[in-house]
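In our numbering, the protein residues as written are 2 to 251. Ideal placement from N, C-alpha and C gives every residue a C-beta, glycine not left out. Quantities reported herein were computed from a predicted structural model and do not represent experimental measurements. Structure record follows, encoded as structure tokens.
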Amino acid sequence: MNKIIITEKELSHYPTLDDTIHHESDIYIKDDDTLFKILLYGNRLTRETTVQRLSFYSNPDCVTPTGIIYTPEHEFLGFEMPYLKKYVPSTRLIFNKNMPYKDKLKYAKSIAIAIEKLSQDGMVFWDVHPDNNMINKNGDIKIVDMDGVKFKEDYTKSEFDHKVAYSHRLLAQLTLSYISKMNVIELAKALNGDELKDVFHSAFRGELFDYLEHIFGFSDEIIYPSEFLEYIDEKDLLCLREKLVRKLSK
Numbered sequence: 002m003n004k005i006i007i008t009e010k011e012l013s014h015y016p017t018l019d020d021t022i023h024h025e026s027d028i029y030i031k032d033d034d035t036l037f038k039i040l041l042y043g044n045r046l047t048r049e050t051t052v053q054r055l056s057f058y059s060n061p062d063c064v065t066p067t068g069i070i071y072t073p074e075h076e077f078l079g080f081e082m083p084y085l086k087k088y089v090p091s092t093r094l095i096f097n098k099n100m101p102y103k104d105k106l107k108y109a110k111s112i113a114i115a116i117e118k119l120s121q122d123g124m125v126f127w128d129v130h131p132d133n134n135m136i137n138k139n140g141d142i143k144i145v146d147m148d149g150v151k152f153k154e155d156y157t158k159s160e161f162d163h164k165v166a167y168s169h170r171l172l173a174q175l176t177l178s179y180i181s182k183m184n185v186i187e188l189a190k191a192l193n194g195d196e197l198k199d200v201f202h203s204a205f206r207g208e209l210f211d212y213l214e215h216i217f218g219f220s221d222e223i224i225y226p227s228e229f230l231e232y233i234d235e236k237d238l239l240c241l242r243e244k245l246v247r248k249l250s251k
């Protein structure tokens, strides 16, 4: 991987990317095609090896490091990555009233498949939220903020499976957010599991019903949202949305 040497002073000459939220880093625009992600000090201590390992990972749906950044004193700072100028955070999918349901479903399924593949490839992508998934108008998706992943080799099998189950539970809530016009991840923080299962059961008919325990409960079973999303009816989601509004209005 390309090794980049740069000083803090040189970094200050680059404009920063301010249209997204970054809690663990500062993002600098190197040029029209490239960003520098400079990690905050605490994360520099733990993520150098992760960045190095990710540089060997090839996945067209993921944004991975193209260079690793050091100070002249060989202190790890962060990494270089592609600049997705034509992409926007997938948060815009959730409350977009003009996008057809079938298009939202296509994005949701693509994002589900991409994150499920990370698990199959021996990684846990635990930071699942809409700002970490980018979309463009052509229907393409990209998973970003990959430097927070954990690797299968760092856990026992049962520990890894437990982490994956948690990640996929969040993924199910995220993909439901895209097609239901509600931020289900935030709802899951505000309401208890039984309340949410009661609200969503009308959209999870028949064999789909068993998924609700895994989505809003504390099950350690690994679920795959890509397997059930297309079987959820748009009309059922509209009805449960109205039911939820009434519940929250009481």
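*asked:* Can you look up Ile-5 in the DSSP assignment and give me helix, strand or coil?
replied: strand
*Could you pull the start and end residues of the beta strand (DSSP E) that Asp-27 belongs to?*
Run containing Asp-27: 26-32, per the beta strand (DSSP E) assignment.
*Locate the beta strand (DSSP E) running through Tyr-71, then write down its first and last residues.*
DSSP places Tyr-71 in the uninterrupted beta strand (DSSP E) bounded by 68-71.
*Report yes or no: do the stretch 164-171 and the stretch 116-124 share at least 3 C-beta pairs separated by less than 8 angstroms?*
yes
_Which residue wins for smallest C-alpha separation from Val-165, given the options Lys-182, Trp-127 and Val-200?_
Trp-127
*Would you mind reading off the limits of the alpha helix (DSSP H) that contains Glu-214?*
212-217
*Using the Cα positions of Met-124 and Ser-159, report the straight-line distance between them to the nearest angstrom.*
14 angstroms
*Since Thr-176 and Leu-230 are thought to touch, with beta carbons under 8 angstroms apart, how far apart are those beta carbons, to the nearest angstrom?*
The C-beta separation of Thr-176 from Leu-230 comes to about 6 angstroms, placing the pair in contact by the 8 angstroms criterion.
*asked:* Rounded to whole angstroms, what is the Cα-Cα separation between Ile-144 and Val-64?
replied: Cα atoms of Ile-144 and Val-64: separation of roughly 6 angstroms, rounded to the nearest angstrom.
_Quick check: the Cα distance between Ser-26 and Arg-206, rounded to an integer number of angstroms?_
43 angstroms
*On the DSSP bridge assignment, give the partners of Ile-136 in chain order.*
Val-89 and Ile-142
*asked:* If you measure between the beta carbons of Asp-221 and His-163, is that distance less than 8 angstroms?
replied: yes
*DSSP puts Thr-176 in a beta bridge; with which residues?*
Its beta-bridge partners do not exist; DSSP assigns none.
*Using beta-carbon positions only, say whether Lys-110 and Ser-227 come within less than 8 angstroms of one another.*
yes
*Consult DSSP for Ile-39 and reduce its assignment to one of helix, strand or coil.*
strand
*Could you spell out where the alpha helix (DSSP H) holding Phe-201 opens and where it closes?*
194-201
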